[in-house]
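This report refers to the structure that appears directly beneath it.
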Amino acid sequence: MNGPWRQWLQLAVASIGLAGSMAMTEAILARHVLRVDLTPDRAYTLAQHSRQVLENLRHDVRVVAFLRADDPRNHEIEDLLWRLRAVSSRVSYSVVDINRNPMAARQFGVNADGALVVESDGRRKVFSNPSEPLLIAAILQITRSDKKRVYFVTDHGERSPQDSDRQRGMSTARAALAGEFYDVQPLSVLAGGSVPADASVVILAGPHADVLPAELQTLADYLARGGALLVMLDPQQAPNLVAFLRSYHVAVGDDVIVDPENRLFAGDVLTMTIPGLSPRQPVSAALKAPPLFAQARSVEFVADTEARFGGVSLLESSPASWRSGDPDVLHAGTTTYVDGRDVRGPVSVAVSVVMRSNARDVPPGRLIVVGDSDFANNFFIEYLGNKDLLANAVNWLAHEEELVGVRPQQQQPGVNQFFVSARQGRAAFWLGTVVQPAVFLVVGMVVFLRRRFTG
Amino acid sequence: MSFLALFRKELRSYFVSPLFYVVAAVFSCLCGFFFYTRLIFFVEYGFGVNILGNFWLAFLAGAPYSISMVLLLVMPLLTMRLLAEEKKLGTIELLLTYPLRDRTILAAKYTACASILLVLLAGTLVYPAYLSVLQPLPWAPLLSGYLGLLFLGLSFIACGLFISALTENQVVAAIATLGILLLCFVLTWNEAATSPPVLRVLAQMSMFDHFETLARGVIDARDILYFVFFISFFNFLTLRALESRTWRGR
């Protein structure tokens, strides 16, 4: 072979060789992270904690992402999954177009785009709005060998996790906790019954009747041996529980929070968002949206001079709110601020308490008290940050901090956000759209005229 | 004639041509308009969330209102004349008779056009400069985005130079370059028509998917290598196209 044919052949071979080496290099790099993340909060680099979780995986994990073809988040989600796989060969992932493959979506119980299914060793967790913290938490949950148990006390008219009634029931909360990999069971502590040894968390969800002294003693014993208790207490209910909580330096007010500014649109005056999320506690710091409460009472931590209890306020109502001492407010559903009777906000509506113990083999007991139980009922739990609040509280009480502790980076005011005035916006328009192009045109005109008149 | 002399000649030909100033004015006008509209959009709809990074991502890489799209439209106008004009005027024969290697000719033309690209991109720095006057700006991710724009532009030049080497008609060169680059842009827009494995390969080939990572503020070896390969591949083809005149006899 000679002449042009030989040249064409050489050209074809060289082109294929170059393209092939490019594909090969890309394939080799597909499993290695060689990158520099220049974003201020290193948003595209896995956190050290995430790397530890992935490096210590004992089972294979499969992630299926259900995305819509034109979703702008796709590139970011796929990049996150790629970073996970690059750290651990035990992780594999696939992306399914939910519109093109609705059967696969139904098979996994997924009905919305942006959902992720994480599977391992026969266990599965489905969640939406994928992010690194949620994904790592899901992997942790489905790869854990033990399943922790949450007990709901049922003797005093509390909301039941078995009840699917829209207003009274908490069956949705039970499903949410099952998704966090907890086994939810009812519990009776009546007449000397004790809290089972396998209890990770005990929940009192809105008791109506008073809790008997013997039962309170059972709960106190449980906390003293390192137990964890979540109390959701509605206004004007279970007064002796208020005294019991006082012994843990938690002051539950005989009041109702009123906030006309943050009330639910078209709702009653006592149903409001709680915008003050404390950054000092993982339960509230990890919330992406404020919770929505209906008929809440104040719950505050009273400073402990003996330092036996460490407490933090989790949630506060807005500065426009107040604690109302109006005894008829719950029935009337409306009230106005009265000097002397009412106290201006913001008002703490949830606290966490850690009991300090001197005994080495006894872990510190944990307590969370929320001044409302409606937020977790079947009707309200799907609103705003309610489900996250319940899940975070249970995870923190169960010492599963990694499930709530991996939080998004705090915003840096003035760096991550920006605001421009109308005048600055107009200046941007004139600068970019008029002045700069005009400079190029004027220079071009000068050059053109000089060439024309100077030859 | 050396590389430097040829480079100077090429650069001068840009700066004395009205075409460059019209292209630069249109480029900066469109970029300025998109900057303004994106800015207002993000300020109005992004209140209180972490959006500054997203703003730059949308302004640098987001289709269709971004610098990358404007670059896609104007670069073929700058590359169309590089070799096609020489062929049309017959000066290519003269150029090839100089004691210059083909790669020197290619390097001079490529570098001259890359310098013009730098001028255009430098003009767009007025936007972050303006915003930095209003509030503190994280420059590091923005520089990564501009590195991405530079690679994108260099890839456009490599592709445009190759097409210009194949034809003597500048309009054909511009349209063909635009067509190829647009194809690169929409390579991953065809989810409905392809299977997921094919789509994954297309995503690896998509210039804009690689650029997007850089525009986010992440310098990834895969993206850099992709652009280096893309540019090398088209420059290699351009060299072969120049060489082929000798063995094809025309």
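Chains as they are written, first to last, in this note's numbering: chain A, 714 to 1168; chain B, 11 to 260.
Yeah, the Cβ is synthetic: ideal placement off N, Cα and C, and Gly gets one too.
Residue i classed as buried or exposed, judged by whether at least 16 other C-beta atoms fall within 10 angstroms
{"i": "R22(B)", "result": "exposed"}
{"i": "S1031(A)", "result": "buried"}
{"i": "D834(A)", "result": "exposed"}
{"i": "D911(A)", "result": "exposed"}
{"i": "F51(B)", "result": "exposed"}
{"i": "R91(B)", "result": "buried"}
{"i": "S216(B)", "result": "buried"}
{"i": "Q950(A)", "result": "buried"}
{"i": "P1126(A)", "result": "Residue placement at P1126(A) is flagged as unreliable, the pLDDT there being 42, under the threshold of 50; the coordinate-derived value follows with that caveat. Its Cβ having fewer than 16 others within 10 Å, P1126(A) is exposed."}
{"i": "Y108(B)", "result": "exposed"}
{"i": "F57(B)", "result": "In this prediction, F57(B) has a pLDDT of 44, which is less than 50 and means its spatial position is unreliable; nothing more can be read from the coordinates."}
{"i": "A1135(A)", "result": "exposed"}
{"i": "E845(A)", "result": "buried"}
{"i": "K1001(A)", "result": "exposed"}
{"i": "H962(A)", "result": "buried"}
{"i": "E1019(A)", "result": "exposed"}
{"i": "E893(A)", "result": "buried"}
Reduced DSSP category for residue i - H, G, I as helix; E, B as strand; rest coil
{"i": "P838(A)", "result": "One detail in the question is off: residue 838(A) reads as Lys in this sequence, not Pro. Correct three-state label for K838(A): strand."}
{"i": "I811(A)", "result": "coil"}
{"i": "M1101(A)", "result": "The sequence shown places Asp at residue 1101(A), rather than the Met named in the question. It is helical."}
{"i": "V1152(A)", "result": "helix"}
{"i": "S801(A)", "result": "coil"}
{"i": "V136(B)", "result": "helix"}
{"i": "R819(A)", "result": "helix"}
{"i": "R18(B)", "result": "helix"}
{"i": "R959(A)", "result": "helix"}
{"i": "P1126(A)", "result": "Note that P1126(A) scores 42 on pLDDT, short of 50, meaning its location in the model is unreliable; the coordinates nonetheless yield the value given after this. P1126(A): coil per DSSP, three-state reduction."}
{"i": "D773(A)", "result": "coil"}
{"i": "V1133(A)", "result": "coil"}
{"i": "V746(A)", "result": "coil"}
{"i": "A782(A)", "result": "coil"}
{"i": "R764(A)", "result": "helix"}
{"i": "Y806(A)", "result": "strand"}
{"i": "A951(A)", "result": "coil"}
{"i": "A740(A)", "result": "helix"}
{"i": "A1106(A)", "result": "helix"}
{"i": "R1120(A)", "result": "Note that R1120(A) scores 41 on pLDDT, short of 50, meaning its location in the model is unreliable; the coordinates nonetheless yield the value given after this. Coil at R1120(A), not helix or strand."}
{"i": "S833(A)", "result": "strand"}
Proximal chain B residues relative to residue i, where beta-carbon distance stays under 7 Å
{"i": "R1164(A)", "result": "V26"}
{"i": "R775(A)", "result": "Those within 7 Å of R775(A) in chain B number zero; the least Cβ separation is about 15 Å."}
{"i": "E1029(A)", "result": "Correct list: empty, because the minimum Cβ distance to chain B is about 18 Å."}
{"i": "G882(A)", "result": "In chain order: nothing, as chain B lies at least about 34 Å away."}
{"i": "L794(A)", "result": "Near L794(A) there are no residues of chain B at all, since even the closest Cβ is about 12 Å away, more than 7 Å."}
Neighbour list for residue i in chain B, Cβ cutoff strictly below 8 Å
{"i": "T1146(A)", "result": "C39, G42, F43, Y46"}
{"i": "Q1219(A)", "result": "Outside the displayed span of chain A (714 to 1168) sits residue 1219(A), for which this structure offers no information."}
{"i": "G1157(A)", "result": "P28, F30, Y31, V32, A34, A35"}
{"i": "V1160(A)", "result": "F25, V26, P28, Y31"}
Chain A contact residues for residue i, given Cβ-Cβ distances below 8 Å
{"i": "F243(B)", "result": "S728, L731, A732, M735"}
Proximal chain B residues relative to residue i, where beta-carbon distance stays under 9 Å
{"i": "R1021(A)", "result": "Near R1021(A) there are no residues of chain B at all, since even the closest Cβ is about 40 Å away, more than 9 Å."}
{"i": "T752(A)", "result": "G63, P148, A150, P151, S154, R226, G227, V228"}
{"i": "A1002(A)", "result": "Here the premise fails: no neighbours, minimum Cβ distance about 12 Å."}
Beta-carbon neighbours of residue i, restricted to chain A and to distances below 7 Å
{"i": "E222(B)", "result": "H788"}
{"i": "Q214(B)", "result": "E739"}
{"i": "G231(B)", "result": "As written in the sequence, residue 231(B) is Ala, which differs from the Gly given in the question. In chain order: L742, L747, R748."}
{"i": "I50(B)", "result": "G1138"}
Interface flag, residue i vs chain D, CB-CB below 7 Å
{"i": "R255(B)", "result": "The structure shown contains no chain D; its protein chains are A and B."}
Partner residues on chain A for residue i, Cβ-Cβ distance less than 9 Å
{"i": "G158(B)", "result": "Going along chain A, no residue has its Cβ under 9 Å from G158(B), so there is no contact; the nearest lies around 11 Å."}
{"i": "Y75(B)", "result": "Those within 9 Å of Y75(B) in chain A number zero; the least Cβ separation is about 13 Å."}
The ligand NAP heavy atom lying under 6 Å from the CB of residue i
{"i": "M79(B)", "result": "Looking at this structure, you won't find the ligand NAP or any other ligand, since it has none at all."}
With a floor of 3 residues, list each beta strand (DSSP E) that falls wholly inside the segment 57-98 of chain B, ordered by position along the chain. none
Output the residue ranges of the beta strand (DSSP E) runs that lie fully inside the segment 1063-1098 of chain A and measure 3 residues or longer, sorted by chain position. 1079-1083
Restricting to runs no shorter than 4 residues, where is the alpha helix (DSSP H) found entirely within the segment 165-239 of chain B? 180-196, 206-215, 217-226
Counting pairs of Cβ atoms below 8 Å between the segment 1086-1098 of chain A and the segment 995-1006 of chain A, do you hit three or more?
yes
Could I get the ranges of all uninterrupted alpha helix (DSSP H) runs contained in the segment 868-936 of chain A, with 4 residues as the minimum, in chain order?
884-892
- Query: Mind pulling the alpha helix (DSSP H) runs of 4 or more residues that sit fully within the segment 981-1069 of chain A?
  - Reply: 995-998, 1042-1045
Extract the residue ranges of the beta strand (DSSP E) inside the segment 16-55 of chain B, only unbroken runs of 3 or more that lie entirely within it. none
Does the contact criterion of 3 or more C-beta pairs under 8 Å hold for the segment 1011-1029 of chain A versus the segment 1039-1049 of chain A? no
query = Okay, do the segment 28-41 of chain B and the segment 81-88 of chain B touch, 3+ Cβ pairs below 8 Å being the bar?
reply = yes
Is there contact between the segment 136-153 of chain B and the segment 109-128 of chain B, where contact requires at least three CB pairs shorter than 8 Å?
-> no
Q: Taking 8 Å as the threshold, find out whether the segment 774-791 of chain A comes into contact with the segment 803-813 of chain A through three or more Cβ pairs.
A: yes
Between the segment 183-197 of chain B and the segment 114-129 of chain B, are three or more C-beta pairs nearer than 8 Å?
no
message: Three or more C-beta pairs under 8 Å: does that hold for the segment 877-885 of chain A against the segment 1137-1157 of chain A?
response: no
Below 8 Å, how does it come out for the segment 767-777 of chain A and the segment 820-839 of chain A: are there three or more Cβ pairs, yes or no?
yes
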